[in-house]
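Contents: one structure, followed by commentary.
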Amino acid sequence: MSKIDVNNVYAEYEDKNGKFLALKNISFSVGEGEFVSIIGSSGCGKSTLLSILQGINFPSAGSVTIDGNIITGPSTNRGVVLQHYSLFPWMTARTNIAFGLKQVNRKTPRTERYKTADVFLRKVGLSNFGHKNPYQLSGGMRQRVAIARALAMNTDILLMDEPFGAIDAKNRANMQELLLSLWEGDGRSAKKTVVFVTHDIDEAIFLSDRIIMLTNSPGQVAKEFAVTFGRPRVHATLRETNAYVHLRNMLMALFYDENNGPSANEDFII
Ligand SMILES: Nc1ncnc2c1ncn2[C@@H]1O[C@H](COP(=O)(O)OP(=O)(O)O)[C@@H](O)[C@H]1O
Ligand SMILES: [Mg+2]
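Heads up: the sequence shown is residues 14 to 283, going by our numbering.
This is the structure we're talking about:
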């Protein structure tokens, strides 16, 4: 059984101008411990899809199940990292992480929560910044705290919506490598199941086991791509390989299709 099953999902928004279809007949599965990216251009419905996986938005038709159970609302068993606004501005970095841990288990003693917070601050290279508030940190540092918080919560599933979208290219590459190294861990504990939303093709290839490309609005599944490169992955070496260039070209051609982007389930010939 898959960890996540998205079955014929439609999502509709309604305003004074009537109904607007954001997602159309989306189906895919994510296996346990798999890293899957959802890629598509701005406005194609990626965040809508992620909010449905979060349980804060619901399909107008179709269903999403986790471990076979239909999502009925948000759960502390799904860690979330968004592009903006995910840290509480009035709390220090350390308290933000400890607070996340409290949401998962209120019985954990305070000292233990702060101890875990320190472990994860160290993992993301911010041991000396735990006492700072988010506004005292750079964008990249803030996202490292958000990732530390999500990972410290030790959920089965991690949902990420363009978490590195506001970070410059060099820091972004470092963040991607950091995320993968934390996700891969020491090999002793099971990997988390990740759904990662991005509009960046290189980012999707670098991180993922599989990429699901959506069409322009309304978002439909255009095509799935398996990414079989070995791990651990390092930017400097991976980007040089012929296999990488080949896959990237294929994704680019579909993404920037002359007819305004990919169409649904097309047979793409290279
Ligand atoms: N709360 C909302 N009410 C009405 N329309 C919305 C709402 N949220 C998103 N939309 C519309 O749905 C479409 C998909 O949005 P979104 O899921 O944010 O796309 P993406 O994350 O891929 O950029 C867009 O056209 C957007 O304007
Ligand atoms: Mg979005």
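Ideal Cβ positions, reconstructed from N, Cα and C, are used throughout, including at glycine.
When the Cα atoms are used, what is the spatial distance from P102 to E125? As the crow flies, the alpha-carbon of P102 is around 23 Å from that of E125.
I'd like to know whether the C-beta atoms of A165 and I110 end up nearer to each other than 7 Å. It is a contact, given that the beta carbons lie within the stated cut-off.
From N187, R223, A24, pick the residue whose C-alpha is nearest to that of L34; which is it? Comparing Cα-Cα distances from L34 to each of N187, R223, A24, the minimum goes to A24.
Are three or more beta carbon pairs between the stretch 54 to 68 and the stretch 34 to 44 nearer than 8 Å? The answer is yes - the stretch 34 to 44 touches the stretch 54 to 68, with three or more Cβ pairs under 8 Å.
Cβ-Cβ distance between G178 and G53 below 7 Å: The beta carbons of G178 and G53 sit no closer together than 7 Å.
Please check the pair T228 and V43, which I expect to be a contact at CB under 8 Å, by giving their CB distance rounded to whole angstroms. A Cβ-Cβ distance of about 20 Å is found for the pair T228 and V43, leaving them out of contact under the 8 Å criterion.
Please state if the CB of Q67 and the CB of T89 are separated by a distance shorter than 7 Å. No, Cβ-Cβ distance for T89 and Q67 is not below 7 Å.
With S50 and A186 assumed to form a contact (beta carbons below 8 Å), what rounded beta-carbon distance in angstroms separates them? That pair is no contact at about 16 Å.
Please work out which residues of its chain come closer than 8 Å, Cβ to Cβ, to V22, disregarding the five sequence neighbours upstream and downstream, and give them in chain order. In chain order, L36, N38, I39, S40, L62, I65, P72, A74, G75, S76, V77 place their CB closer than 8 Å to the CB of V22, counting only its own chain and leaving out the 5 sequence neighbours on each side.
Quick check: what's the CA-CA separation for Q156 versus H144? C-alpha separation (whole angstroms): 16 Å.
Buried or exposed: where does K16 fall if 16 or more other Cβ atoms within 10 Å of its Cβ makes it buried? Counting C-beta atoms within 10 angstroms of its own C-beta, K16 has 16 or more neighbours from the protein chains shown and is therefore classed as buried.
Would you mind stating whether A203 and G46 have Cβ atoms separated by less than 7 Å? For A203 and G46, yes; Cβs fall inside 7 Å.
Output needed for D280: all residues of its chain with C-beta closer than 7 Å, excluding positions within five of it in sequence on either side, in chain order. For D280, the pLDDT reaches just 49, beneath the cut-off of 50, and the residue's location in the model is therefore unreliable, although a value from the coordinates is still provided. Listed in chain order, the non-local C-beta contacts of D280 below 7 Å within the same chain number zero, local neighbours out to five positions each way being set aside.
In whole angstroms, give me the CA-to-CA distance for K29 and T241. K29 and T241: Cα-Cα distance of roughly 46 Å.
Taking the alpha carbon of G81 as the reference point, which residue from L267, L251, V19 has its own alpha carbon closest? The shortest C-alpha separation from G81 is found at V19.
Given a cut-off of 7 Å on the beta-carbon distance, is the pair D169 and F48 in contact? By the CB criterion at 7 Å, D169 and F48 fall outside the cutoff.
Nearer than 6 Å: is that true of the beta carbon of K59 relative to any heavy atom of ligand 1? With a cut-off of 6 Å, the C-beta of K59 is classified as near ligand 1, since at least one heavy atom of the ligand falls inside that distance.
Same chain, Cβ closer than 7 Å to S276, five either side skipped, listed in chain order: Excluding residues within five positions, the ones whose Cβ falls inside 7 Å are T228, A235.
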